[in-house]
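Report on the structure given below.
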Amino acid sequence: MTAASRFGSFAFSQPVRLRLFCFPHAGGGAALYYTWRRDLPAEIGVCPIHLPGRENRIDDAPFADLPTLIAALADALLPALDLPFSFFGHSMGSLVGLELARELRRRSAPLPVHLFVAARRAPQVPETAAPMHVLADPEFVAEVCRRYNGIPAAVLADPELMRLFLPSLRADVKLLETHVYRPEPPLPCAISAFAATEDRVVGQEGVAAWREHASGRFTLRVIEGEHFFLTSARSLVLSAVAEDLRPYLGRERP
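Numbering-wise, the working numbering puts 125 at position 109 of the sequence shown, and it's gapless, one number per residue.
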């Protein structure tokens, strides 16, 4: 299996004009984004990213640090950057999208035409909450539920599912909490940011601070809902994504 095929399939049976690479939240997988393919314009090729330690990669060890993940993603995605492309990230995926775009810039590779970030404070905004990855499993699970309300009840109630789910979630949280942010110039693209009205952890001001990373247009949308509003406000999010990507659908590779 090639590096690219481990992270997902980036080819389509019908021609597309733009690839939309989608990065999951901590502990999350690619399944959510596959449903986007039927509701976004056919010219947009949705490319959900499969991270190790979950779904069809449950037997693969999750990444221990963000730089290693970013380098692996850059290697895997480079052959698929022959079309205009965009990144969408939810929560942890927002930081992955930003750092991957920066890594591509360091490699003088093509850059995304648009970056979407959701439910994540901008990385230059200091974290005020105590780290979770150092907690024992019961306390760790309780704190994740308290902050994000993000573990499905069916998973919480099933010890075997929790045994499979916890390693990737803990690894992702550690990856986030130990990452050292280093300032760089803004990206030469537009950024669209999504904040939730009832997010317990990520405030609207922290999401608005993504403006500093855009040298192009910046748009902030505030969505009714909690941290995981991609499900509850799915149609609103997809409508916004389609609207913001429409100007790029007639372009060739930048």
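Every residue gets a Cβ at the ideal spot worked out from N, C-alpha and C, and that includes glycine.
Since this is a predicted model, take the numbers as computed values, not measurements.
Roughly how many whole angstroms lie between the Cα atoms of residue i and residue j?
i, j, result
"Ile86", "Glu214", "30 Å"
"Arg22", "Pro40", "15 Å"
"His66", "Phe37", "11 Å"
"Asp3", "Ala187", "One cannot answer for residue 3 here, as it falls past the ends of the chain, which runs 17 to 270."
"Val217", "Leu182", "20 Å"
"Leu93", "Arg53", "19 Å"
"Val238", "Val253", "10 Å"
"Glu242", "Arg122", "35 Å"
"Glu143", "Asp91", "30 Å"
"Val112", "Gly166", "19 Å"
"Tyr50", "Val129", "21 Å"
Where does residue i fall in DSSP's three states?
i, result
"Thr213", "coil"
"Ile65", "coil"
"Pro270", "With a pLDDT of 46 at Pro270, under the threshold of 50, the modelled position of this residue cannot be trusted, and the question is left open."
"Gly291", "No answer is possible for residue 291: it lies beyond the span of the chain, which begins at 17 and ends at 270."
"Thr235", "strand"
"His229", "helix"
"Thr18", "Note that Thr18 has pLDDT 45, beneath the 50 cutoff, so the model's placement of it is unreliable and no number is given."
"Ala134", "strand"
"Leu265", "coil"
"Ala158", "helix"
"Leu203", "strand"
"Ser251", "helix"
Mind checking who residue i pairs with in its DSSP beta bridge?
i, result
"Ala187", "The partner list for Ala187 (beta bridge, DSSP) is empty, contrary to what the question assumes."
"Phe104", "Cys38 and Phe132"
"Ser124", "Partner(s): none; Ser124 has no beta bridge."
Notebook entry, point to check: Does the segment 44-55 touch the segment 66-82, meaning 3 or more C-beta pairs lie closer than 8 Å?
Noted result: The segment 66-82 and the segment 44-55 touch, with no fewer than 3 CB-CB distances between them shorter than 8 Å.
Next item on the list: Please list the segments of the beta strand (DSSP E) lying wholly inside the segment 25-102, counting only runs of 3 or more residues, in order along the chain.
Entry: Complete beta strand (DSSP E) runs here, min 3: 34-39 and 60-64.
Check: Would you say the segment 197-212 touches the segment 227-241, given that touching needs at least three Cβ pairs under 8 Å?
Finding: Touching, per the Cβ criterion.
Notebook entry, point to check: Do the segment 103-115 and the segment 135-154 meet, that is, are 3 or more Cβ pairs less than 8 Å apart?
Noted result: Output reads yes: the segment 135-154 touches the segment 103-115.
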